[in-house]
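Asks: If you scroll down you'll find the structure; I have some questions about it.
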Amino acid sequence: MAARVVRTPPAGKPKLLDQVRDIIRRKHYSIRTEQAYIDWIKRFIIYHGKRHPGEMAEEEVAEFLTHLARDLNVAASTQNQALSALLFLYKEVLKHEIRWLEKVERAKKPPKLPVVLSRGEVKEIFAHLHGVPKLMAGLLYGSGLRLMECVRLRVKDVDFALAQLTVRDAKGGKDRITMLPLNLSEPLRRHLSRVKAEHVQDLEDGFGSVHLPFAFARKSPNAAREWPWQYAFPSSRLSIDPRTGEKRRHHIAEGLLQSALKRAVAAAGIVKRANCHSLRHSFATYLLSKGYVSTTMIYTHVLNRPGMGVKSPLD
Numbered sequence: 077m078a079a080r081v082v083r084t085p086p087a088g089k090p091k092l093l094d095q096v097r098d099i100i101r102r103k104h105y106s107i108r109t110e111q112a113y114i115d116w117i118k119r120f121i122i123y124h125g126k127r128h129p130g131e132m133a134e135e136e137v138a139e140f141l142t143h144l145a146r147d148l149n150v151a152a153s154t155q156n157q158a159l160s161a162l163l164f165l166y167k168e169v170l171k172h173e174i175r176w177l178e179k180v181e182r183a184k185k186p187p188k189l190p191v192v193l194s195r196g197e198v199k200e201i202f203a204h205l206h207g208v209p210k211l212m213a214g215l216l217y218g219s220g221l222r223l224m225e226c227v228r229l230r231v232k233d234v235d236f237a238l239a240q241l242t243v244r245d246a247k248g249g250k251d252r253i254t255m256l257p258l259n260l261s262e263p264l265r266r267h268l269s270r271v272k273a274e275h276v277q278d279l280e281d282g283f284g285s286v287h288l289p290f291a292f293a294r295k296s297p298n299a300a301r302e303w304p305w306q307y308a309f310p311s312s313r314l315s316i317d318p319r320t321g322e323k324r325r326h327h328i329a330e331g332l333l334q335s336a337l338k339r340a341v342a343a344a345g346i347v348k349r350a351n352c353h354s355l356r357h358s359f360a361t362y363l364l365s366k367g368y369v370s371t372t373m374i375y376t377h378v379l380n381r382p383g384m385g386v387k388s389p390l391d
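Here the sequence shown is numbered in this note's numbering, starting from 77 and rising by one per residue.
Set out below in structure tokens:
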């Protein structure tokens, strides 16, 4: 049995979860990662009778992860997320390395094929989409954006002249460029015109600021109120930033698009378990059917030619 490491926090030291939040924010993890890690650490503590994690080690971590797989039948990705949260807790907060967990019963991760929609099915789905959800779904399908990449898109990253979008801090923390379909250009222009009018009204009402990445808010304090940094798809209402306590307009909730697409799939009578990511898979499949090995070929042959562009696969 692994040796117990009992840690009694000195008087005045922040509580454990506050320490976790502080380190997560210093490492610039996303708010979603922070919320997920905090939730898993709480569940770990409650499962072991509210014992302090400093009093536990590999055996208790393995028991909890096995409980998730055996008793709760969670997906492999869910169990891996819980493991990541606990490894972060012990390594970064408690400064105690967790050795290899040999006794963990791992959740099975069966191979799954992506859901791909035909062009006809996509057209049927889009016939039941309207307004902002239809425009966002069009970008997922016509530009190959992931759901959160579309939700977090900012005005400055839309280039109508070159018919392209810049995706910032994408998967793996990398930036990339993708196409803006020509038939979505004008609808997106009209949408941004309405968003700008709303932003001007927010400024007049004493608001109008937006969340900025990392330390940019400190380096350029006025940027948060500038038009280029606003979200292309903002929320319909102001909300309180959970980190700063400031009242501002965040991006639209991704659940709105997910729900709208789910209703559209049902209304179209499509039995496939299609979701937002299915549009991205369908985009990639469409490119392959046209002879493009990757989107890089499109950038080379289409986007780099001034005045040229591509249409959405919907056409």
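Even glycine gets a Cβ: it sits at the ideal position worked out from N, Cα and C.
Treat the numbers as computed from the prediction; the structure is a model and nothing was measured.
In the DSSP assignment, the alpha helix (DSSP H) including V137 goes from what residue to what residue?
Replies: To locate residue 137, count along the sequence shown from 1; it is residue 61. Start and end: E134 to R146.
Asks: Using only the alpha-carbon positions, how far apart do A213 and S354 sit?
Replies: Start at 1 with the first residue of the sequence shown, and residue 213 comes out as number 137. Start at 1 with the first residue of the sequence shown, and residue 354 comes out as number 278. Taking the straight line joining both Cα atoms gives about 11 Å.
Asks: Using only the alpha-carbon positions, how far apart do V169 and I99 sit?
Replies: Within the sequence shown, numbered from 1, the residue matching residue 169 stands at position 93. Within the sequence shown, numbered from 1, the residue matching residue 99 stands at position 23. Between V169 and I99, the C-alpha separation is close to 7 Å.
Asks: Suppose you measure from the CA of L364 to the CA of Q155; what does that come to, to the nearest Å?
Replies: The residue you call residue 364 lines up with position 288 of the sequence shown. The residue you call residue 155 lines up with position 79 of the sequence shown. Straight-line Cα distance between these residues: approximately 34 Å.
Asks: May I have the straight-line CA-CA distance separating A183 from L177, to the nearest angstrom?
Replies: As a working mapping, residue 183 is identified with position 107 in the sequence shown. As a working mapping, residue 177 is identified with position 101 in the sequence shown. So the two alpha carbons sit approximately 14 Å from each other.
Asks: Relative to the C-alpha of E262, which residue among V243, A239, K126 and R301 is closest?
Replies: Position 186 of the sequence shown holds residue 262. Measuring from the Cα of E262, the nearest candidate turns out to be A239.
Asks: Alpha carbon to alpha carbon, how far is R127 from K338?
Replies: Stepping through the sequence shown from its first residue, residue 127 is reached at position 51. Stepping through the sequence shown from its first residue, residue 338 is reached at position 262. Going by the C-alpha atoms only, they are around 42 Å apart.
Asks: Within 10 angstroms of its Cβ, does G220 collect 16 or more other Cβ (buried), or is it exposed?
Replies: Start at 1 with the first residue of the sequence shown, and residue 220 comes out as number 144. So G220 counts as buried.
Asks: Please tell me whether V191 and A350 are closer than 7 Å, where the distance is taken between their beta carbons.
Replies: For this step, residue 191 is matched to residue 115 along the sequence shown. For this step, residue 350 is matched to residue 274 along the sequence shown. In this structure, A350 lies closer than 7 Å to V191 by Cβ.
Asks: Less than 7 Å separating the beta-carbons of G122 and A161?
Replies: Residue mapping note: residue 122 aligns to position 46 of the sequence shown, counting from 1. Residue mapping note: residue 161 aligns to position 85 of the sequence shown, counting from 1. The sequence shown places Ile at residue 122, rather than the Gly named in the question. No, Cβ-Cβ distance for I122 and A161 is not below 7 Å.
Asks: What's the gap between the Cα of S269 and the Cα of L258?
Replies: Looking up residue 269 in the sequence shown gives position 193. Looking up residue 258 in the sequence shown gives position 182. When rounded, the distance between both Cα atoms is 18 Å.
Asks: Straight-line CA distance for F292 to R146?
Replies: Residue numbering aside, residue 292 sits at position 216 when the sequence shown is read from its first letter. Residue numbering aside, residue 146 sits at position 70 when the sequence shown is read from its first letter. Rounded to whole angstroms, F292 to R146 spans 45 Å at the Cα level.
Asks: E134 CB to nearest chain B CB: under 7 Å?
Replies: Of the protein chains in this structure there is only one, and it is not chain B.
Asks: Decide if A78 is buried, meaning its Cβ has at least 16 other Cβ atoms within 10 Å, or exposed.
Replies: Residue numbering aside, residue 78 sits at position 2 when the sequence shown is read from its first letter. No answer about A78 holds up, because its pLDDT of 45 lies below 50 and its placement is not dependable.
Asks: Any idea what DSSP makes of T320, helix, strand or coil?
Replies: Counting from one through the sequence shown, the residue named residue 320 turns up at place 244. The answer is coil: DSSP assigns T320 none of H, G, I, E or B.
Asks: Since L332 and L264 should fall inside the 8 Å C-beta cutoff, what is the C-beta to C-beta distance between them, to a whole number of angstroms?
Replies: Walking along the sequence shown from the start, residue 332 turns up at place 256. Walking along the sequence shown from the start, residue 264 turns up at place 188. About 18 Å separates the two Cβ atoms, so there is no contact after all.
Asks: Tell me the start and end of each unbroken beta strand (DSSP E) in the region 186-269 that is at least 3 residues and wholly inside, in chain order.
Replies: Correct list: 240-243 and 252-255.
Asks: How big is the Cα-Cα spacing for M255 and E181?
Replies: Locating residue 255 in the sequence shown gives position 179, counting from the first residue. Locating residue 181 in the sequence shown gives position 105, counting from the first residue. Going from the Cα of M255 to the Cα of E181 covers about 44 Å.
Asks: When we look at the beta-carbon of L189 and count the other beta-carbons within 10 Å, is it buried (16 or more) or exposed?
Replies: The residue given as residue 189 occupies position 113 in the sequence shown. The residue in question, L189, is exposed, as its Cβ has fewer than 16 Cβ neighbours within 10 Å.
Asks: Does DSSP put Y105 in a helix, in a strand, or in coil?
Replies: Translated into the one-based positions of the sequence shown, residue 105 becomes position 29. It is coil, neither helix nor strand.
Asks: Tell me which residue opens and which closes the alpha helix (DSSP H) that K167 is part of.
Replies: The residue you call residue 167 lines up with position 91 of the sequence shown. Element bounds for K167: n/a, residue is neither H nor E.
Asks: Taking DSSP as the reference, what is the three-state secondary structure of S285?
Replies: Within the sequence shown, residue 285 is the residue found at index 209, counting from 1. Correct three-state label for S285: coil.
Asks: If you drop the 5 nearest sequence neighbours on each side, which residues of the same chain put their C-beta closer than 8 Å to that of A273?
Replies: Counting from 1 along the sequence shown, the entry for residue 273 is found at position 197. Cβ neighbours of A273 beyond the five flanking positions: none.
Asks: Answer with buried or exposed for Q111, where buried requires no fewer than 16 other C-beta atoms within 10 angstroms of its C-beta.
Replies: Position 35 of the sequence shown, counted from the first residue, corresponds to residue 111. Exposed.
Asks: Quick check: what's the CA-CA separation for L215 versus S358?
Replies: One-based indexing of the sequence shown puts residue 215 at position 139. One-based indexing of the sequence shown puts residue 358 at position 282. Cα to Cα, L215 sits roughly 12 Å from S358.
Asks: Between the alpha carbons of R222 and L241, how many angstroms are there, rounded?
Replies: On the sequence shown, residue 222 is found 146 positions in, with the first residue counted as 1. On the sequence shown, residue 241 is found 165 positions in, with the first residue counted as 1. Going by the C-alpha atoms only, they are around 13 Å apart.
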